[in-house]
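Going letter by letter, the sequence shown gives residues 1 to 209 in UniProt numbering. Glycine included, C-beta positions come from ideal geometry on N, C-alpha and C. Computed from a predicted structure; not experimentally measured.
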Amino acid sequence: MSQSIRQQQLVTMLTMQDSMNQKVHPKWLKQNFQWYRAIWIECAEMLDHYGWKWWKHQSPDMEQVKLELVDIFHFGLSCRLSDSDDYQQIAETLDYEFSDIRHADEFRTTLEDLALNTLQTKSFNAQIFAGCMQQINMPFDELFTSYIGKNILNRFRQDHGYKEGHYQKVWDNKEDNEHLIDVIQSLDSSSTDFADNVYQALSQRYPAS
Ligand SMILES: O=c1ccn([C@H]2C[C@H](O)[C@@H](COP(=O)(O)OP(=O)(O)OP(=O)(O)O)O2)c(=O)[nH]1
């Protein structure tokens with residue numbers, strides 16, 4: 001049976017994720033990193049970007065909300081890669097789960113369901129994750145494009161001393177994540193060179209390079 005486009009995109013992301021994790025630690029699979037912990041913490045960070053305080057005016061920062069979902073997806077893919085090295089099989093499973101969307105009445109409650117499920121199972125629930133995406137109108141293609149962008153930013157950070165502590169996170173009064181949003185919007189994401197172009201654009205903007 002031919003592979004769907006979404007499955008191909010999932011295999012591409014799984015490959016990039018494994019490679020990114022190896023950059024952080026060459027033997028990452030043996031480190032027993034707590035991916036589930038990273039997921040629920042990111043859920044809380046996302047809720048802050050979305051807004052939840054009833055006593056204060058807050059407007060949702062949807063670009064940042066989407067970027068937090070992309071961070072969660074990095075950790076979710078890592079969860080799945082911790083259990084199997086068969087990219088194709090993981091992609092098929094995720095592809096099915098993305099068609100079996102689960103959500104509560106509104107986005108914040110779905111996000112809490114995701115955090116709760118993550119804490120209870122210590123794993124990644126793609127059905128509820130897909131529910132969060134649906135409730136903020138984020139199509140899978142956008143997840144794919146933003147995933148590539150953020151993965152490249154994560155690489156860029158590591159190449160410029162993120163782990164060692166000498167990476168500059170803010171340039172021109174903007175956080176690197178905000179620069180990334182600008183870069184993604186300025187490039188053609190359908191180009192086969194998209195990932196390389198993101199890296200190049202970040203290098204051009206970064207003051208120390
Ligand atoms: O082994 C790892 C560790 C991290 N990441 C990625 C996932 C996520 O895309 C990013 C970390 O998220 P974020 O940028 O929010 O982390 P931070 O370093 O805590 O930054 P901030 O202070 O902006 O939240 O790094 C990986 O892919 N593999």
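Coarse secondary structure for residue i, derived from DSSP in three states
i, result
"Met-1", "Annotation note: pLDDT 47 at Met-1 (below 50); position unreliable, no value reported."
"Gln-134", "helix"
"Asp-193", "coil"
"Arg-102", "coil"
"Ser-84", "coil"
"Gly-149", "helix"
"Phe-124", "coil"
6 Å Cβ shell around residue i - same chain, five flanking residues per side excluded
i, result
"Tyr-36", "Thr-118, Lys-122"
"Ala-115", "Trp-40, Cys-43"
"Ile-181", "Glu-63"
Beta bridge counterpart(s) of residue i as assigned by DSSP
i, result
"Lys-174", "Trp-171"
Cβ-based neighbour list, residue i, same chain, cut-off 8 Å, excluding 5 preceding and 5 following
i, result
"Met-1", "Because the pLDDT at Met-1 is just 47, under 50, the model does not fix this residue reliably, and the point stays unresolved."
"Phe-73", "Met-13, Phe-129, Leu-143, Tyr-147"
beta-carbon residue i near ligand 1 non-hydrogen atom, thresh 6 Å
i, result
"Lys-150", "yes"
"Val-183", "no"
"Asn-32", "no"
"Asp-100", "no"
"Val-170", "no"
"Asp-193", "no"
Cut-off 7 Å between Cβ atoms - residues of its own chain near residue i, not counting five sequence neighbours on either side
i, result
"Phe-156", "Tyr-199, Leu-202"
"Ala-104", "Thr-110, Asp-113"
"Gln-7", "Ala-91, Glu-92, Asp-95"
"Gln-31", "His-25"
"Gln-22", "Trp-28"
Buried versus exposed call for residue i [16 or more other C-beta atoms within 10 Å across all chains shown]
i, result
"Ser-186", "exposed"
"Asn-151", "buried"
"Gln-204", "exposed"
"Val-170", "exposed"
"Thr-145", "buried"
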